[in-house]
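Residue numbers (this note's numbering): 1 to 422.
I have placed the structure first, in the form of structure tokens, so that the comments after it can refer back to it.
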Ligand code: AMP
Ligand code: GLY
């Protein structure tokens, strides 16, 4: 099979790496890819939101399968556009992209199909939102912009002042344009966050894995939220009973709900979940794989994903079990996600022996590998236990050098789960 992977981050490098290990993969292209993907396939420069251009690549290179990484081409309708092309495409249609691109529609969908999620109110009118927040007694409260805001559209308001400022910012000042004119205000849930990833085709699905993401920039979950500073896979506290509950209450009700709405879902589906005193709750859906979780998942799971994506009998709803744990540390440019510099040479990668490195913000210039983004590299190591994987990954990370390199030191530290691990 000739495969085209769309995107340029660590997630796309990992997806490409995974499918390239399959005997079914004959040729691999990336649009546009990065400094790492260039070592396992051919990078093609260009804009993946220009669907005519994507179609011309499919025709020119005789592509059999397109795998779409990021959410924006999905929300822009890449799947619908390529429906009649000769290639198969792994990306849900724009009709189901609402699960990620509209918090309001996603919450209403969950309510309709009895999928556990935080209690919520929708506001389209600024004055009504202000009135509602002024009479709230129980804090914190979570305020979410309806549309896609690049991960910045969720605010946990600790008190009325915070909440009113956020409502001003989102609804009145239109900080994210149309995406934040309408909001969801929801109950704050206490618990342990984790994510589950499925590959769905209609009413069939397979679970690709589960993981934990570290969003805040600094140790002990301090600092601003980022795209992700590290990951652990599988999720360390999930028991078989918990997995059963997630399948029954969340995954299956979601898939049945989509079917009842007459919607055909084909692609990755990412469940952002919270394990609470009352079991699993959905925080969000994403219609794509997670970044950086995918980089850990592809290492944990030894199955052939290209086979899973193309063989209908693998859509059997099974939750895979693993005999190892992976810890992933994201190396970033100091200052990320706010202000940072780029263009520095990366050294030491050839010394990394006991970990796999997926590239995110890198590029090759004058035959040198240089930093070209906030998140630069993803280093993933596996071990029989969490502590073995953690020791390995931090040992390997120390071999890599670039100016202003920064990373969290507490990825995979058990203290995070002391209330839930028995
Ligand atoms: P979302 O984009 O909806 O996943 O929200 C981003 C982050 O905000 C999540 O990863 C959680 O850490 C947090 N969050 C979202 N909704 C809630 C909630 N109802 N209760 C507590 N934390 C939440
Ligand atoms: N790691 C979070 C995300 O991909 O949205």
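Don't be surprised by glycine CBs; every beta carbon is placed ideally from N, CA and C.
Give me the residue from the options with the minimum Cα distance to residue i.
i: residue 136; options: 180, 162, 115; result: 162
i: residue 38; options: 361, 417, 388; result: 361
i: residue 257; options: 41, 115, 190; result: 115
i: residue 183; options: 193, 242, 166; result: 166
i: residue 196; options: 49, 286, 51, 337; result: 286
i: residue 295; options: 109, 357, 334, 268; result: 357
i: residue 221; options: 410, 201, 20, 211; result: 410
i: residue 327; options: 298, 140, 138; result: 298
i: residue 10; options: 36, 4, 1, 26; result: 36
i: residue 120; options: 267, 72, 283, 243; result: 283
i: residue 23; options: 55, 13, 374, 304; result: 304
i: residue 34; options: 108, 43, 28; result: 43
i: residue 175; options: 211, 263, 150; result: 150
i: residue 31; options: 233, 63, 386; result: 63
i: residue 428; options: 69, 245, 268, 59; result: It is not possible to answer for residue 428, since the shown part of the chain is limited to 1 through 422.
i: residue 219; options: 6, 12, 333, 413; result: 413
i: residue 342; options: 406, 293, 324; result: 406
i: residue 83; options: 306, 66, 71, 419; result: 66
i: residue 155; options: 306, 142, 52, 87; result: 142
i: residue 148; options: 74, 400, 393; result: 74
i: residue 253; options: 317, 334, 372; result: 317
i: residue 193; options: 2, 233, 169; result: 233
On the DSSP letters alone, give me the boundaries of the beta strand (DSSP E) that residue i sits inside.
i: residue 194; result: 192 to 201
i: residue 10; result: Segment 10 to 20 is the alpha helix (DSSP H) holding residue 10; no beta strand (DSSP E) there.
i: residue 363; result: 362 to 365
i: residue 331; result: 325 to 333
i: residue 52; result: Residue 52 -> not in any beta strand (DSSP E); alpha helix (DSSP H) instead, spanning 51 to 61.
i: residue 336; result: First-last for residue 336: undefined, no H or E at that position.
i: residue 144; result: 141 to 145
i: residue 423; result: For the chain, the structure presents residues 1 to 422; residue 423 sits outside this window and is missing.
Over what stretch of residues does the alpha helix (DSSP H) that includes residue i continue unbroken?
i: residue 124; result: It is not in any alpha helix (DSSP H) - residue 124 carries neither H nor E in the DSSP assignment.
i: residue 275; result: Careful: residue 275 lies outside any alpha helix (DSSP H), inside the beta strand (DSSP E) at 266 to 276.
i: residue 96; result: Careful: residue 96 lies outside any alpha helix (DSSP H) and carries neither H nor E.
i: residue 241; result: 240 to 246
i: residue 258; result: 252 to 260
i: residue 79; result: 78 to 81
i: residue 73; result: 71 to 75
Compute every distance between the C-beta of residue i and the non-hydrogen atoms of ligand 1, then say whether any falls below 6 Å.
i: residue 154; result: yes
i: residue 394; result: no
i: residue 279; result: no
i: residue 217; result: no
i: residue 272; result: yes
i: residue 106; result: no
i: residue 357; result: no
i: residue 246; result: no
i: residue 142; result: yes
i: residue 192; result: no
i: residue 179; result: no
i: residue 97; result: no
i: residue 75; result: no
i: residue 188; result: yes
i: residue 283; result: yes
i: residue 425; result: Since the first residue of the chain shown is 1 and the last is 422, residue 425 is not available in this structure.
i: residue 163; result: no
i: residue 296; result: no
i: residue 157; result: no
i: residue 360; result: no
Mark residue i as exposed unless 16 or more other C-beta atoms lie within 10 angstroms of its C-beta, in which case mark it buried.
i: residue 312; result: exposed
i: residue 144; result: buried
i: residue 396; result: buried
i: residue 178; result: exposed
i: residue 321; result: exposed
i: residue 50; result: exposed
i: residue 365; result: exposed
i: residue 408; result: buried
i: residue 173; result: exposed
i: residue 56; result: exposed
i: residue 102; result: buried
i: residue 224; result: exposed
i: residue 226; result: buried
i: residue 206; result: buried
i: residue 131; result: exposed
i: residue 127; result: exposed
i: residue 420; result: exposed
i: residue 418; result: exposed
Check whether the Cβ of residue i sits closer than 6 Å to any heavy atom of ligand 2, and report yes or no.
i: residue 147; result: no
i: residue 213; result: yes
i: residue 223; result: no
i: residue 230; result: no
i: residue 290; result: yes
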